[in-house]
Amino acid sequence: MQLLIKSIWLLSIFVIFYAFFRAFVLRKKIPGGIASQAWKFLYYLIGLLVIGYMTMPLFSRLPEESREFIFVVVSLAAGIFIVKVINLFYKIIKEAGL
């Protein structure tokens, strides 16, 4: 079980770093205005999640195995969600010709 938990946790960190990279690349393609401000917020939110993912092992309020399993599943789901949102924005920007 510990190997599964650590594997999912590492996968979630990889996914969130991928999302952070995609957000950084796309940030340069978005013109100023409301879209740019919203994108900056998403970019900083992803950065916050990166920090959160890296500090998850420090939380100790739940029993160890339960806590770790819940956190890795939530982390992976959040990372996938963010990648989906970024890919959606990427498609919109591409179709708009920016």
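In numbering that gives the first Met the number 0, the protein residues as written are 0 to 97.
From the three backbone atoms N, C-alpha and C, an ideal C-beta is built for every residue, glycine too.
- Here DSSP, grouped into helix, strand and coil, assigns Arg-60 to coil.
- DSSP places Ile-29 in the coil class of the three-state scheme, outside both helix and strand.
- Exclusion of the five residues before and after Glu-67 leaves Ile-4 as the residues of its chain whose Cβ lies within less than 6 angstroms of its Cβ.
- Counting of Cβ neighbours within 10 angstroms places Phe-70 among the buried residues, the total reaching 16 or more.
- Gln-1 has its alpha-carbon roughly 22 angstroms from the corresponding atom of Val-49.
- About 19 angstroms separates the beta carbon of Val-24 from that of Ile-79, a gap too long to meet the 8 angstroms contact definition.
- By the Cβ neighbour-count rule, Leu-75 is buried, with 16 or more other Cβ atoms within 10 Å of its own.
- Linking Glu-63 to Met-55 through their CA atoms gives a straight-line distance of about 11 angstroms.
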